[in-house]
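In what follows, a structure is listed as structure tokens, so that the remarks can point back to it.
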Amino acid sequence: MDNAVLTVLIAMLGGAIRVSTPFMFVALGETLTEKSGRINLGLEGNLVLGAMVAYATSYLTGSPWLGVLAAGMSGLFLGALHGYICKLPKVNDIAVGIAMMSFGTGLAFFFGKPFIQPQAPKLDSIPLGDWTGNPALAQALQVNPLFFVGIFLAVAMSWAFRNTKWGLIVRMTGDSAASAKAMGVSVDLVRFLATAAGGFLAGIGGAFLSLYYPGIWNQGLSSGQGLMAVALVIFARWDPIRAIFAALFFGAAGAIGPALQAVGITSGYYFFNAAPYILTLVIMIISAGSKASARDAPGELSITK
Amino acid sequence: MTVQAADNAVVPVEKTGNLQFLRFAESIAIPVGAIIASALLFAVFLLLIGKDPIQFYALVWTGGFGSSFSIQNSLQRAAPLILTGLAFAIPARIGLTMIGGEGALVLGGFASAAIAIPLVSGGVPPLVTLPVMAATGIITGGLWVGFTGWLKYARGVNETIASLLMSYIAIAIMNFFVEGALRDPASANKPSTMPIGDAYRIGSIPGTDVHWGLAAGIVLAIVLWVLMSRTTFGFAARMTGGNLRAARAQGLPVGWLMVICCMIAGGCAGLAGFFEVAVIHGQANASLVAGYGFTGILVAFLARQNPIAVIPVAILFGALAAAGGVIQRRMDMPDATILVLQGMLFVVLLVSDTLYGRFKIFQVKATGDRT
Amino acid sequence: MTFSSISRRSLLRVGAAGLAATALPFGFARAQTNVVLGIVYVGPKDDFGWNQAHAVSVASLKAVSGITVVEEENVPETDAVSKSMESMINLDGANLILATSFGYYSPFVVELAKKYPDVTFRHAAPLWNKDADPQNAGSYFPYLNQAHYVNGVAAGLSSPTGKIGFVAAKPIPSVLSNINSVLLGARSVNPNATVQVIFTGEWSLPVREAEATNALVDAGCDVITCHVDSPKVVIETAEGRGVKTCGHNASQAPLAPKGFITGAEYKWETIYKTYADAIAAGQTPPNFLVGGYNNDMLRNTPYGAGATPEAIKAADAAIEALKGGAPIYKGMLKDNAGNVVVDKDYDNYDPYLDGMNWLLEGVQGSIT
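First to last, the protein sequences are chains G, Y and U.
Per my numbering, the first sequence starts with residue 1, numbered consecutively.
Per my numbering, the second sequence starts with residue 1001, numbered consecutively.
Per my numbering, the third sequence starts with residue 2001, numbered consecutively.
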């Protein structure tokens, strides 16, 4: 039994590392966007389009890292479009997000057809666990560089929000457009850039899906991961570091279902497979209502008003 | 504001009528213009990928509206979308972004199929069984979304995430029972609940192939429009949606208003689930998860959360889905074509929101008309 | 019989719809009838799996003169499929409809077949009941578990440990039969072989399929096979983990140059060719067309680098035996809860096996 517990724990560790990266990138992108006072619900579209563009680019050029860059650019395009449209008066940013989700997945499915079957060159991983002598652990510790990029970005963003002029401007724009304007900041420009940059990061998350794990392109690839990641931002209370932990937690919870079946606990797998959603909801219910949660929300967000 | 109000008292009747007419004309002209603009934009897209836009739109017409069969095809596909559109639109009026219609539809449909099992096997006549099933679907959906609304009000849990999570959980619950305790042993390769049987299935509206879900959706849309626009409840809900703090300061029971709006929404989605079971499938199974809840969100946004406008928008979506098949078959284009068109249409329509109040022809002349 | 009344009613219907395209009342009775074949897929037709296998096979019919093919993909198992098929009949004049997803049959194909008695409907699962269902409907289905049995034989002799992992979508008979057949194939050459199964709960969910594959490899399985719509993820992930693989639905051999053993594939083209020939000869295609190795409806993917010479020999022998009708389920067999579920030898097409709701002793996993 101890062995079984260990197996599940190793699987959760591996799941956290393997599955969390796309959630990380989308959540970080959304954190940046929401910190500036705008919400982009459409990052699922960026994720799916990014996955397709990354796979196609890697296949056509033979360079997976070029694919990552192209995915980022496709995300930047959708993000910039969102940012530009929301600049217009009377346009609802949540609605535009849902439109971009529809538009982005539509484009990805439309142009992605020829790339489902071919094999594109994938991103390599760094074997960090070979010293352990335990093959399962060694596998769990096969880490893709993008995972570290994500963590580095989170630390950098967290630091920048507090300590740089740019970070202060973004936060101020998000908390009170009026005071930002009073300081001579162009609110629209800040939000446009924050949404475009957030879209870029979400596109990178898509590249991880198609070029590393699970490492294919097809229409079922994301199945709502981008939508969940946007939700995790509120769960993480707009903090980049907490967003990382939320993504890791979600990845680990997602590994519970298959891992329990692997050690022989096979009944009720629908609920174990739904573990990430159930646990997230439970934690939200427990932790919500606290003053901290309300305090952390950017004041200009339409979703919290 | 106050000046205007004072003016209204002395403005001749036909001037007020004129103002209302211009507003109405604007609210028709701008979306229609946007639809035309997005169609042109999509035509450019088609030309870029080497397809014939004229053939494309001809097929949209043929497949969506071109014959009595096509019209019925569109209406049939629109039926669940009206109800799921309402499921998003009603909470939106009170300021809640509820994206959990999918889960409420699935669970409502499942509950109505589950309650039918003892009733059908007990020989209870359809005239009793079907209303019980419908009520069960409505109540289950209502409680499911109402719970999310209560979480928002009582615990401050963000309703958008919570409703999304609840959708995934609802689907897991349905699968758990359909593949476990409530599985009809005969439904070997497609795990389902016990079929309600042909005698208990709801047929089509006489003279058509369109099912009664469409009629229910239209009636409900009108009722909810009256409720939200013409009653104190609706006024209070809209006020809460417009300014939560002001509504609280006025002493409105904000929490109850939220929960009730959410329950109405869940009830609409649950009713859609009931119709899926009672008309389409005759039992509950994984086919209930067909994405109607999520398409309903698009429908509601395009309808600008107006219950009446949900009807034509849902029919437009139904027509696009119907036409999508013809376009695949005749033009050899992937099904995602319609997704791209929908996305463009949606983006352009949202951009057009910025045009309200910009066109002089829709404005009452500021000075000359008022004395 | 009621033939004349049926065709009159359908003529009225077609007339009412204002479309005379399908108004030939005698179906395929005239050899010169042009065939408009409408086919509906539940997913994208280039999914590198179930749907693509159909699409590739039906594409071979496009070259036959007198046959027009119209296709619609991503059609969900709701009234959308009724409407799509009806639209093919009304707008394209389709007179042969192929419905390729299990959930299309009841109620959708059955009800539409009653409504359009002049149109021939064929559905890809052995569900047609000649007493209860309309005579213009029908079924076709290759019993893929025979090819999975061959997978099992090859896997049993290619696996160093005899532990085979199986990533499965849903615990339904057609999937369970493949799992059990892999076990029986492996046990026929290695009595200690086991199969460990993980259900993902969905037909296509790439991330969870990859997680399940990793979990099985971590649990010690050294051959991985699967039954999901698009096996690409499972095969590539397993290859990346350095274990061997057996394929499903279509050839995945190029995805696993090091570890691929063989794979279970449908030969839909045999069936579709039969339909085309029947139509060309002015006959109605057979109502019930099922089969396996004995009538050329299956094949196993050419052996890959993962197959040992003994495995190839034994698998080839197993294929020959299946062509001769050798049974796979031979009594006595117990399920993994200890109940006797196979008390005698069953023919490979015995209806008893169609309702399978058990996993044999030797399979780790449970269907609830």
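Note that CB positions come from ideal geometry on N, CA and C, so glycine has one too.
Owing to the predicted nature of the structure, the values given are computational and were not obtained by experimental measurement.
Residue nearest to residue i in terms of C-alpha spacing, selected from the options
| i | options | result |
| --- | --- | --- |
| residue 2312 of chain U | U:2143, U:2158 and U:2081 | U:2158 |
| residue 2059 of chain U | U:2276, U:2363 and U:2337 | U:2276 |
| residue 1074 of chain Y | Y:1208, Y:1301 and Y:1290 | Y:1208 |
| residue 1096 of chain Y | Y:1103, Y:1038 and Y:1088 | Y:1088 |
| residue 2195 of chain U | U:2208, U:2176, U:2146 and U:2273 | U:2176 |
| residue 2075 of chain U | Y:1238, Y:1335 and Y:1153 | Y:1335 |
| residue 2234 of chain U | U:2212, U:2188 and U:2117 | U:2212 |
| residue 1225 of chain Y | Y:1079, Y:1083, Y:1048 and Y:1038 | Y:1083 |
| residue 300 of chain G | G:23, G:73, G:113 and G:191 | G:191 |
| residue 1232 of chain Y | Y:1110, Y:1245, Y:1360 and Y:1252 | Y:1252 |
| residue 1291 of chain Y | Y:1102, Y:1280, Y:1193 and Y:1047 | Y:1102 |
| residue 2090 of chain U | Y:1300, Y:1326 and Y:1317 | Y:1326 |
| residue 1353 of chain Y | G:90, G:196, G:58 and G:116 | G:90 |
Between the CA atoms of residue j and residue i - distance to the nearest angstrom
| i | j | result |
| --- | --- | --- |
| residue 270 of chain G | residue 154 of chain G | 33 Å |
| residue 2224 of chain U | residue 2301 of chain U | 15 Å |
| residue 2021 of chain U | residue 2092 of chain U | Note that residue 2021 of chain U has pLDDT 36, beneath the 50 cutoff, so the model's placement of it is unreliable and no number is given. |
| residue 990 of chain Y | residue 2148 of chain U | In the structure as shown, chain Y begins at 1001 and stops at 1371. Residue 990 of chain Y is therefore absent and cannot be evaluated. |
| residue 1069 of chain Y | residue 1322 of chain Y | 10 Å |
| residue 1169 of chain Y | residue 1022 of chain Y | 47 Å |
| residue 1018 of chain Y | residue 1093 of chain Y | 27 Å |
| residue 2299 of chain U | residue 2266 of chain U | 6 Å |
| residue 1057 of chain Y | residue 1040 of chain Y | 10 Å |
| residue 170 of chain G | residue 83 of chain G | 14 Å |
| residue 230 of chain G | residue 43 of chain G | 7 Å |
| residue 1295 of chain Y | residue 2117 of chain U | 34 Å |
| residue 285 of chain G | residue 1155 of chain Y | 7 Å |
| residue 2025 of chain U | residue 2152 of chain U | Confidence in residue 2025 of chain U is poor, its pLDDT being 39 and thus under 50, which makes the residue's placement unreliable; the coordinate value appears in the next sentence. Computed Cα separation, rounded: 49 Å. |
| residue 2216 of chain U | residue 7 of chain G | 11 Å |
| residue 167 of chain G | residue 234 of chain G | 19 Å |
Closer than 7 Å at the beta carbon, the chain G residues around residue i
| i | result |
| --- | --- |
| residue 1356 of chain Y | 90 |
| residue 2364 of chain U | 264 |
| residue 2232 of chain U | 216 |
Where the alpha helix (DSSP H) containing residue i begins and where it ends
| i | result |
| --- | --- |
| residue 112 of chain G | 93-112 |
| residue 2068 of chain U | No alpha helix (DSSP H) holds residue 2068 of chain U; the beta strand (DSSP E) holding it covers 2067-2072. |
| residue 1337 of chain Y | 1336-1352 |
| residue 1119 of chain Y | 1101-1121 |
| residue 2312 of chain U | 2309-2323 |
| residue 2273 of chain U | 2268-2280 |
| residue 2163 of chain U | That residue, residue 2163 of chain U, is in no alpha helix (DSSP H); its beta strand (DSSP E) goes 2163-2168. |
Neighbouring residues, chain U, relative to residue i (Cβ below 8 Å)
| i | result |
| --- | --- |
| residue 213 of chain G | 2207 and 2210 |
Chain-ordered neighbours of residue i on chain G, where CB pairs are closer than 8 Å
| i | result |
| --- | --- |
| residue 2215 of chain U | 11, 255, 258, 259, 261 and 262 |
| residue 2255 of chain U | 119 |
| residue 2044 of chain U | 109, 113, 116, 218 and 219 |
Neighbouring residues, chain Y, relative to residue i (Cβ below 7 Å)
| i | result |
| --- | --- |
| residue 2074 of chain U | 1335 |
Residue range of the unbroken beta strand (DSSP E) whose run includes residue i
| i | result |
| --- | --- |
| residue 2038 of chain U | 2035-2040 |
| residue 2288 of chain U | 2288-2291 |
| residue 2196 of chain U | 2194-2199 |
| residue 2139 of chain U | 2139-2142 |
| residue 2247 of chain U | 2244-2249 |
Closer than 9 Å at the beta carbon, the chain A residues around residue i
| i | result |
| --- | --- |
| residue 1090 of chain Y | The structure shown contains no chain A; the protein chains it does contain are G, Y and U. |
Per-residue contacts from residue i into chain G (C-beta, under 9 Å)
| i | result |
| --- | --- |
| residue 1353 of chain Y | 88, 89, 90, 91, 92 and 95 |
Partner residues on chain U for residue i, Cβ-Cβ distance less than 9 Å
| i | result |
| --- | --- |
| residue 1280 of chain Y | 2078, 2079, 2082, 2107 and 2108 |
Please list the residues of the stretch 251-266 of chain G that have a C-beta atom closer than 8 Å to any C-beta atom in chain U, keeping them in chain order. 254, 255, 257, 258, 259, 261, 262, 263, 264 and 266
Tell me which residues of the stretch 2182-2213 of chain U have at least one Cβ-Cβ distance to chain G shorter than 9 Å, keeping chain order. 2196, 2197, 2198, 2199, 2200, 2201, 2202, 2203, 2204, 2205, 2206, 2207, 2208, 2209, 2210, 2211, 2212 and 2213
For the stretch 1326-1347 of chain Y, list every residue whose C-beta sits within 7 Å of some C-beta in chain G, in sequence order. 1334, 1336, 1337, 1339, 1340, 1342, 1343, 1344, 1346 and 1347
Residues in the stretch 1117-1137 of chain Y with C-beta within 9 Å of chain G's C-beta atoms, listed in sequence order? none
Could you name the residues of the stretch 213-240 of chain G whose beta carbon sits closer than 9 Å to any beta carbon of chain U, in the order they occur along the chain? 213, 214, 215, 216, 218, 219, 220, 221, 222, 223 and 225
Near-chain G residues of the stretch 1287-1304 of chain Y (beta-carbon distance less than 7 Å), N- to C-terminal order: 1297, 1298 and 1301
Residues from the stretch 115-131 of chain G in contact with chain U, defined by Cβ distance under 8 Å: 116, 117 and 119
Select from the stretch 2044-2063 of chain U all residues with a C-beta closer than 7 Å to any C-beta belonging to chain G, and list them in chain order. 2044, 2046, 2047 and 2048
For the stretch 1053-1076 of chain Y, which residues have a CB atom closer than 8 Å to at least one CB atom of chain U, in sequence order? 1062, 1063, 1067, 1068, 1069, 1070, 1073 and 1076
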